[in-house]
Structures are given as C-alpha cells and as structure tokens.
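Per the numbering used here: the sequence shown ends with 492, consecutive numbering throughout.
The beta carbon of each residue, even a glycine, is placed where N, CA and C say it ideally should be.
These numbers come from a predicted model, not from an experiment.
Right, one structure below, let's go through it.
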Amino acid sequence: MSSGVQSWSPSLEDNDREKFRKRLLNIDSNLEDTEVEKLKFLCRDFIPYRKLEKARSALDIFEDLMTEDLLNEKDPFLLAELLYIMKQNSLLKHLNYTKEQVKVLLPTRKKVSPFRNLLYELSEDIDSESLKNMIFILKESLPKVETPTSLSFLGHLEKQAKIDADDLTLLEDLCKNVLPHLVRKTDKYKKEKEAGQKGKELLSASDINQIRQALPAGSSDRTVYRMNRKHRGYCVVINNQNFTSLSEREGTKKDAECLKHVFQWLGFNVDIRDDVTKECLEEVLQKYQRHPDHANGDCFVFCVLTHGKFGAIYSSDDALIPIREIMSHFTAKQCPGLVDKPKLFFIQACQGKEIQSSVCIEADAINPELIEPPLEDSVPNEADFLLGLSTVPGYVSFRHRREGSWYIQSLYNHLKDLVPRGEDILSILTAVNNDVGRRGPKKQIPQPVFTLRKKVIFPVPPQELPERVPTDS
Numbered sequence: 020m021s022s023g024v025q026s027w028s029p030s031l032e033d034n035d036r037e038k039f040r041k042r043l044l045n046i047d048s049n050l051e052d053t054e055v056e057k058l059k060f061l062c063r064d065f066i067p068y069r070k071l072e073k074a075r076s077a078l079d080i081f082e083d084l085m086t087e088d089l090l091n092e093k094d095p096f097l098l099a100e101l102l103y104i105m106k107q108n109s110l111l112k113h114l115n116y117t118k119e120q121v122k123v124l125l126p127t128r129k130k131v132s133p134f135r136n137l138l139y140e141l142s143e144d145i146d147s148e149s150l151k152n153m154i155f156i157l158k159e160s161l162p163k164v165e166t167p168t169s170l171s172f173l174g175h176l177e178k179q180a181k182i183d184a185d186d187l188t189l190l191e192d193l194c195k196n197v198l199p200h201l202v203r204k205t206d207k208y209k210k211e212k213e214a215g216q217k218g219k220e221l222l223s224a225s226d227i228n229q230i231r232q233a234l235p236a237g238s239s240d241r242t243v244y245r246m247n248r249k250h251r252g253y254c255v256v257i258n259n260q261n262f263t264s265l266s267e268r269e270g271t272k273k274d275a276e277c278l279k280h281v282f283q284w285l286g287f288n289v290d291i292r293d294d295v296t297k298e299c300l301e302e303v304l305q306k307y308q309r310h311p312d313h314a315n316g317d318c319f320v321f322c323v324l325t326h327g328k329f330g331a332i333y334s335s336d337d338a339l340i341p342i343r344e345i346m347s348h349f350t351a352k353q354c355p356g357l358v359d360k361p362k363l364f365f366i367q368a369c370q371g372k373e374i375q376s377s378v379c380i381e382a383d384a385i386n387p388e389l390i391e392p393p394l395e396d397s398v399p400n401e402a403d404f405l406l407g408l409s410t411v412p413g414y415v416s417f418r419h420r421r422e423g424s425w426y427i428q429s430l431y432n433h434l435k436d437l438v439p440r441g442e443d444i445l446s447i448l449t450a451v452n453n454d455v456g457r458r459g460p461k462k463q464i465p466q467p468v469f470t471l472r473k474k475v476i477f478p479v480p481p482q483e484l485p486e487r488v489p490t491d492s
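Dropping the structure here:
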C-alpha cells in the first residue's frame, strides 16, 4: 500500500545550482576582510547601499547579486570581472575562466562603470601617508572615523555627493595637492567619457587592442549584439527523419544531438521536435512567435533538418513549406520580443537535384541554365536575420548515414573551436563554408544570407565541449 509520500530527486538544474554555490563558497573562503570591503565598493552600482552595509562576508554579497539576477550558474561573468579588477586571478578557476579569457571579454561584457573603476584604481594608489594628507585638507567635512581606508574615504566623498561620474573637481584638487601623478588617471577618464558622449566607445587603447584580438580583422570599430540579458534565448530544432512518402533521412539523429549539445553549451534552452508535420510545425512557430520570455533573451535560433527544394523545406507529411514563411513569424511586427535581437536560422536540406562540380579551388562552379528565385528572397526584408543554408539553391546537400550531415557536423565543430576565440558568427560560417567545400569527391558549398547590423559574438562558455565530432574525409 502506498504511503502517499512522494520521493524527491534533484533536477539537473538543481545540481548545477548546488555546484555553483559550492564554487562561491570556495571563493569566499579565499577572500580576506579587506577583499570583502573592496568587493562591496565595486558593487555599489549593483546592490542597494543599505544591503551592502549589512554584508559581513563575500557570501552575503554573492547572495545579493543573485537576488538582483546579476549572478547565476549560467552566467558568472560579473563576478569574474570583479575578481579580475581586484587582481584575484587565481580565484577565476572556480568560475571556469582564465585571466586571459576575462581580459578579452571585458570590452564587450563589462558591467562595472568607468567611474567605479577609476575610484578603485585611485584607492589602490593612495598610500596611508597620502590618505592622511587628504583627510587633513578636508578635515572639517569628514566624519570622525578611527582608521579610514582609501576606499572608505572615496566612498564617503561619493555618498556626500562631493564627487560623482560627472564632477571630479574636488578629487582632482586633492590629487594635484597630494599625489599629482594621479591627475593623469582622472584626465584619461574625462577624455574617454567625452569621447563616449560623442558616440564613440568608452575604450582605452589597451581595450581596443583586446577587441581586435577577439574579433575578425577590421571589425573592431563595429558594434556587437548584446549578450548579457537574463538568458541566452531559445533554440528550436526541427528534426525530420521519417516521411509519408519521401526517403528516410538516416543520420539526422546525430545532427540533432550535436545541435542540442553545442547550443546548450552556448547557454540556449534547446527544444527538439522529431518528425514534425505541417500542422505541428505551425503550432511550434506560433508558440515561439508569441513566447513571452523572448523579452529576457539575447537571441533566437531555429534549425531545420529535413528534405528540401528551392527555398523551401518538407514537413514529415510531405508538405512543402517556404523558408520565408517560417522566418516571417519572427519579424518585428509578428514577434516584438525579438526586436533588435539576432534571429539565426540554420537549414540542413537539399535545395535541388544538381551536384556541384569538383574543381581544384580555381574557379567557381556555375550552372547557367538554372533559373530560380535568389536565396535573398527567403529572408524577411528587415534587420537582424541570418539564414545559414547547407547548400546553394538548386543543389543537393550531403548527409552521412551514421555521422550526420557535412554542414551540421562542421557547424558544430567550428562553433566549438571558434567561439572561445571570440569569433563572430559570420566568420564562423565562412570557416564552415571552407571546410564543407573542401570535402569530396562530390562538392557542396553552404550559403549564408543575412541582414544583421552588428556582430553576433557568443560569450565564451565556462566549460569545454566534448572532443570534436568525427568528420568524413
């Protein structure tokens, strides 16, 4: 007879959260009281002052950051940034980051304000004798504190509104009288702030160099899509293996698993649908067109693994559906939650019956007799879309019966290898084109079409993916 008591077992998400809290505990145990004070100062823009006043340990601060939804197991970068600023680089390993990774990601992901950074840098340069002299100058307006630190001193000036991000007059005067060499830092801050007000990025020369290393050559002055909202977004995978009358697509399960692993690794919530009919596809499209959580996501990905023909794909019940019809569900008018966010579509499907000629990388393969609508017609006439097609219109797309398709396997491997290097999605797809195009003896060249306005650069995941998926030569 049942006792009526249900057993409870933690979900994978609960386990991840528990592991993350254990990492935070390790970080806390390695921070002294002075580091906790520094952490509190750097978090002044993120946590209400009264809460910070009550914090007695780093764990208290971590809890407050999690409450403010600024720190979680899926995105611990803010804490990595704070530890990097504090020069606690040995603790970054607990967040699965290295000093070099944080340095490269900072220009596009930093959250600590330039003003907060400036005050922290100045505090590190103000020794006890200089602090004593500054206090002497302002003695009448300072509270009586037994042993003030440089941070508490600057924090008091800020709290009393004697200095702020737009007014450093008092601070500059103190530096000129006590530590003249620090004026260079305040001057640098003001110049970068002024440049930012003119529409330029608030970046130092060293920051610009880091961006150049992280992005393709010549793109360092371009903007990047935001990737720091509550979650990365949703990735939908339509995986059709069995059809009413069309041939079975053996090997497609391997493609679906690879897409699931790589996009989960990148932070997406992945939804795989197998053998989808036309009616079911419409239901899926309607669900994600109206999904309320798009507002909190960075991006949207939609993948289709199926048979296809000239700018269209087949449902499992053999209905031919235009790619444009699928993508049109996510325009600004139809899906406001995805406005100004990248919408990426990857299609693994034949687009005709022709086989591309195998030439020795000297000339383009051209089929002058083929007259079909250009691929650009499949993409909505508005910004922020990308369509990655496994082959050009009119041609077949190859798939291994055990190892999956050339295109999806190459996409998996290049996302795995190039995202950690800071490459943007278009550079990654160019590498995919080169890889797939070199396979033989039969040839296949993928084709991306896009209306993106910025770089799509995924944040580097803290964990590594399993070893490369085997590819056919």
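Close Cβ partners of residue i (< 6 Å) along its chain, the five nearest in sequence each way excluded
i: Leu234; result: Only weak support exists for where Leu234 lies, its pLDDT of 44 falling under 50; the value from the coordinates is given anyway. Here the set comprises nothing.
i: Phe321; result: Val255 and Phe364
i: Arg472; result: Ala402
i: Leu176; result: Ile182
i: Val289; result: Cys254, Lys279, Phe282 and Gln283
i: Val475; result: Tyr244, Pro361, Asp443 and Ile444
i: Arg268; result: Gln260
i: Leu187; result: Thr205
i: Lys352; result: none
Residues bridged to residue i (per DSSP)
i: Arg40; result: Answer by DSSP bridge pairing: none, since Arg40 is not bridged.
i: Gln367; result: Leu324
i: Asp293; result: Asn258
i: Ala331; result: Pro341
i: Gly407; result: Phe365 and Pro467
i: Phe65; result: Per DSSP, none; premise fails for Phe65.
i: Gly252; result: Cys318
i: Asn288; result: Tyr253
i: Val243; result: Lys474
Beta-carbon proximity of residue i to residue j, cut-off 8 Å
i: His313; j: Leu265; result: no
i: Leu357; j: Phe349; result: yes
i: Ala198; j: Ile154; result: The amino acid at residue 198 is misidentified as Ala; the sequence shows Leu. No, the Cβ-Cβ distance between Leu198 and Ile154 is not below 8 Å.
i: Pro355; j: Leu405; result: no
i: Leu150; j: Phe172; result: yes
i: Arg75; j: Asn247; result: no
i: Leu125; j: Ile156; result: no
i: Ala77; j: Asp35; result: no
i: Val295; j: Ser347; result: no
i: Lys249; j: Asp88; result: yes
i: Gly441; j: Val123; result: yes
i: Glu211; j: Val202; result: no
Beta-carbon separation (whole angstroms), residue i vs residue j, contact threshold 8 Å
i: Arg251; j: Leu285; result: 6 Å
i: Leu170; j: Glu56; result: 6 Å
i: Val323; j: Ala275; result: Going by Cβ atoms, the distance from Val323 to Ala275 rounds to 11 Å, so no, they are not a contact pair.
i: Ile104; j: Leu84; result: With a Cβ gap of about 15 Å, Ile104 and Leu84 do not count as contacting.
i: Arg292; j: Asn258; result: 7 Å
i: Glu54; j: Gln107; result: 7 Å
i: Val438; j: Phe477; result: 5 Å
i: Ser132; j: Asp206; result: No, Ser132 and Asp206 are not in contact; Cβ-Cβ is about 18 Å, not under 8 Å.
Proximal residues to residue i (C-beta, below 8 Å), its chain only, five neighbours per side dropped
i: Pro481; result: Pro95, Leu114, Asn115 and Tyr116
i: Tyr431; result: Cys277, Leu278, His280, Val281 and Val488
i: Lys73; result: Asp79
i: Cys9; result: The structure shown has nothing for residue 9, since the chain only spans 20 to 492.
i: Leu90; result: Phe81, Leu84, Leu97 and Leu98
i: Tyr333; result: Asn259, Phe262, Leu265, Thr325, His326, Gly327, Leu339, Ile340 and Ala368
i: Pro311; result: Gly356
i: Leu484; result: His280, Val281, Trp284 and Lys435
Contacting residues, own chain, Cβ-Cβ under 7 Å from residue i (five flanking each side not counted)
i: Ala99; result: Leu111, Leu114, Tyr116 and Val121
i: Lys181; result: Leu189
i: Glu140; result: Lys204
i: Gly174; result: Phe60
i: Phe287; result: Arg251, Gly252, Tyr253, Cys254 and Val320
i: Glu92; result: Asp35, Arg36 and Phe39
i: Asn49; result: Leu110
i: Tyr307; result: Tyr253 and Val255
Contact test: residue i Cβ vs the ligand MN heavy atom, cutoff 7 Å
i: Asp94; result: The model on display carries no ligand, and the ligand MN is accordingly not part of it.
TODO: Please list the segments of the alpha helix (DSSP H) lying wholly inside the region 436 to 460, counting only runs of 4 or more residues, in order along the chain.
DONE: Counting whole runs of 4 or more residues, the region 436 to 460 contains the alpha helix (DSSP H) stretches 444 to 456.
Task: Minimum length 4: unbroken alpha helix (DSSP H) runs contained in the region 152 to 202 - done: List check, alpha helix (DSSP H) in window: 169 to 178 and 188 to 197.
Open item on the list: In chain order, what are the residue ranges of uninterrupted alpha helix (DSSP H) at least 4 long that sit wholly in the region 39 to 125?
Closed with: Uninterrupted alpha helix (DSSP H) stretches at least 4 residues long and entirely within the region 39 to 125 occur at 52 to 61, 68 to 73, 77 to 86 and 96 to 104, given in chain order.
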